[in-house]
Amino acid sequence: MRRAPQILIVLTISSLILTSSRAFVPEYDFSFSTGKDTKYLVAGELNFYGKLIGKEIQTGTLPIDFITWINISNPDLSSTIDYLANSTLSTISVLSSNMIIPDVNTMYVLNITSREIERFDDANLNLNDMPILILGVDEYASFEETLDYGMISFGEIEISNEKTTAMFVASDDKLHIGMKNSPSFIIVPLSLIEETKGGYSFISDNNGSKLWEDSAGNWIIIAKDSPLNLVSFSSLSVVLFDKPESFGLEVRRSTKLPNAEYMLYNLSTSLSSIDQNSMMELPDFLLRFASPSVDIMNGACLVFNSNDTINVDGKEKNFSKVGLLRFERATFSINKHEETISLSGDGKSTLIFLGDTVYNDIPVYYIGGLALPLHSIALWLLAIAIFIIFSIVLRRKGEEKVFGIFPLEIGQKDKKIIKRIFLVLHIVFAILTIILFDSAFNSIFGLSFIPYLSRNIIISITILSIEIVFIATCFIMFGLPTRIGLNTLMNFIGLGKEGKNVGKSLALVVMWIFSLS
């Protein structure tokens, strides 16, 4: 009988190995495309690919008389202006509260009021609260570097009474934009064609010394360089363009999250700088709970006003007004059909919220409108059957052993050893239960109570409380019937009350297997 503890220990270790191999968060293959009225937001580590094509513009709408400037005595500048004036120009606009165009080979600053011309070589153009249009010949924009964390969406903005397609990027990282395909570019302050609040611009050399500055915005710059690289430092950058070309995003769950409160504060400040009519002041309580929002929207796609179809593991489902997808990695493409900018995505998701339900592939049985997993129903039926068979049907009569074997003759010393071993295992498993479920909660929802212990104890307690409710629910469905069945069996074989810790410990293991796989 001394082998009983060793056998039970081996059984426990085997269960742990099985749990380690199966305890993972399931992923579901998904693909979808948004419709005309759907709004969307994608967030995480953003890696751009493809092009944004500039919007064709008529030279007559620009505040510059090309013929006058062509006749100037500077042959280098006049030939450049002549080339641009006789070409089909397109424009990409950038709205940012703080940006720089570094290391431009040659810049000609044309003062519209005084008609003065200044030339600067190998210099940097700095723009503060100064949205600009960048015009070139068949130009397009591409994005050169990955954002460690960003939120991106597409929509429309009205400029000069005309709706223009816009890309909105919120990030604390620098946004690098490459303007390409044109040998030279024209840089025009948006304030020359659209009423906006004033800004400040200056040109500096590579040592940081100011060579030129202006706050009136009555200038145009001819930049002789290609590509023309722009860096936006603003928490919100808006890029206006005509249409995407093979443009999309590879989005991953970021390991470098920003300070959420700082990011949202800067975002509201940047929005106010870009649009004086949007003086957005975030309330303190929203800033305090900014971190969970960023955590949830890390490797995520949020859709609004949507009844679009989404294909999940080959099954067609529909969003109900809103939807949320969370994933480790996914690919999204941006397409324009007529005036609609649509989003198409595919990947593997750990959470698919359809607006009125959370998708899962667990077989369920409905009892009075309540969906119960078939695994849970089967475990409860098995537990009840074990209890009836081993506590009632095979109940011991007097001193007679059942089948001539049970209960086993287990010494008190062995019983105490079993009790102590499984008491320790029960404590260890209880701690592991919290850790494992917290890890699963983090994979599914992006939230974990552990990081918030040192950052915000209220949020940490809130997350832990939700996890405990989830654990309790899983225990009732999977752990409790296992415990009842095992306690019945332990009592039948002769362990009695010393076997209760066996049921407690292995019930947690069974709960892991069915809840986390």
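Per the working numbering, the sequence shown starts with residue 450, numbered consecutively.
The C-beta atom is built at its ideal place from N, Cα and C for all residues, glycine as well.
Contact defined as beta carbons within less than 8 Å: I believe residue i pairs with residue j. What is the distance between those atoms, to the nearest angstrom?
i      : j      : result
Val688 : Ile541 : 7 Å
Leu574 : Ile549 : 7 Å
Leu706 : Asn655 : Leu706 to Asn655, Cβ: 33 Å. No contact.
Lys766 : Leu803 : 6 Å
Ala615 : Phe603 : 7 Å
Ile506 : Ser539 : 6 Å
Leu495 : Gly599 : 5 Å
Ile745 : Leu965 : Ile745 to Leu965, Cβ: 20 Å. No contact.
Lys864 : Glu777 : Not a contact, Cβ separation roughly 47 Å.
Let me check understanding here. Comparing Cα to Cα, which of the options lies closest to residue i?
i      : options                           : result
Ala779 : Asn547, Leu792, His786 and Phe768 : Leu792
Tyr477 : Phe878, Leu624 and Leu800         : Leu800
Tyr815 : Leu823, Ile838 and Gly928         : Leu823
Gly666 : Pro638, Gly895, Cys923 and Gly657 : Pro638
Thr613 : Leu830, Lys692, Lys868 and Ile884 : Lys692
Ala572 : Leu559, Lys673 and Thr483         : Lys673
Thr487 : Glu788, Pro900, Gly509 and Thr645 : Glu788
Ser631 : Phe592, Leu660, Leu495 and Asp587 : Asp587
Ala834 : Gly796, Ile933, Leu774 and Phe878 : Ile933
Asn809 : Gly796, Val761 and Thr922         : Val761
Lys785 : Ile521, Phe690, Leu641 and Ser563 : Phe690
Thr562 : Ile608, Ile513, Glu594 and Phe924 : Ile513
Lys504 : Ile608, Ala921 and Leu641         : Ile608
Only counting the same chain, and skipping five residues up and downstream in sequence, which positions put a Cβ closer than 8 Å to that of residue i?
i      : result
Glu662 : Tyr649, Ser650, Phe651 and Ile652
Phe441 : Here the chain covers residues 450 to 966 and nothing more, so residue 441 does not appear.
Leu872 : Asn950
Ser703 : Gly493, Glu494, Asp597, Tyr598, Asn747 and Gly748
Pro474 : Reading the sequence as shown, one finds Val at residue 474 and not Pro. Only Thr799, Ala889, Ser892, Ile893 and Leu965 meet the Cβ criterion.
Since residue i sits in a beta bridge, which residues does DSSP pair it with?
i      : result
Met556 : Phe569 and Ala672
Met548 : Leu576 and Ser681
Ala615 : Gly604 and Leu689
His875 : In the DSSP output, where bridge partners are listed per residue, His875 has none listed.
Ser798 : Tyr477 and Phe776
Asp663 : Ser650
Tyr598 : Beta-bridge pairing links Tyr598 to no other residue.
Ala590 : Leu501 and Met628
Arg869 : Looking at the DSSP assignment, Arg869 forms no beta bridge with any residue, so it has no partner.
Ala418 : Shown here, the chain extends from 450 to 966; a query on residue 418 therefore has no answer.
Gly697 : Tyr498 and Ser782
Gly585 : Ser539
Val752 : Tyr489 and Gly772
Phe634 : Ala672
Val807 : Phe802
Hey, how far is the Cα of residue i from the Cα of residue j?
i       : j      : result
Ile917  : Ile908 : 14 Å
Arg701  : Asn678 : 25 Å
Asn936  : Phe836 : 9 Å
Glu699  : Gly943 : 60 Å
Ser798  : Thr911 : 25 Å
Asn554  : Ile669 : 16 Å
Ser826  : Thr931 : The residue asked about is misnamed: residue 826 is Ile in this sequence, not Ser. Roughly 12 Å separates the two Cα atoms.
Met998  : Ser620 : With the chain represented from 450 up to 966, any question about residue 998 goes unanswered, as that position is not in the structure.
Ile790  : Asp552 : 34 Å
Tyr489  : Arg904 : 30 Å
Leu821  : Leu544 : 52 Å
Glu868  : Phe919 : The sequence given here has Lys at residue 868, not Glu. One C-alpha to the other measures close to 28 Å.
Thr1047 : Thr645 : Any answer about residue 1047 is impossible in this case: the structure gives the chain only from 450 up to 966.
Phe839  : Asn940 : 9 Å
Glu611  : Ile893 : 42 Å
Ile671  : Ile566 : 10 Å
Leu938  : Pro812 : 28 Å
Ser469  : Phe927 : Residue confidence for Ser469 is low, a pLDDT of 41 falling below 50, so the modelled location carries little weight; the figure read from the coordinates is stated next. Answer to the nearest angstrom: the Cα atoms are 18 Å apart.
Ala956  : Leu929 : 7 Å
Ser727  : Thr882 : Residue confidence for Ser727 is low, a pLDDT of 41 falling below 50, so the modelled location carries little weight and cannot support an answer.
Thr483  : Val752 : 9 Å
Ser528  : Thr510 : 21 Å
Ala755  : Ser769 : It is worth fixing the name first, because residue 755 is Ser in this sequence and not Ala. Their Cα atoms are separated by approximately 6 Å.
Ile635  : Ile899 : 52 Å
Ser664  : Asn535 : 31 Å
Asp805  : Leu830 : 30 Å
Met960  : His625 : 48 Å
Asn891  : Phe592 : 31 Å
Can you list, in chain order, the residues of its chain whose CB lies under 6 Å from that of residue i, leaving out five sequence neighbours each side?
i      : result
Ala709 : Ala739, Ser740 and Val743
Tyr901 : Ile908 and Ser909
Ser546 : Asp578, Ser683, Ser719 and Ser722
Leu526 : Tyr557
Thr758 : Glu765 and Asn767
Phe878 : Ser954 and Leu957
Excluding five sequence neighbours on each side, which residues of the same chain lie with their C-beta closer than 7 Å to the C-beta of residue i?
i      : result
Leu716 : Ala619, Ser684 and Leu685
Pro676 : Gly627, Met628 and Lys629
Asp887 : Ser897, Phe898, Ile899 and Glu916
Leu660 : Phe569, Ala572, Ile652, Ser653 and Asp654
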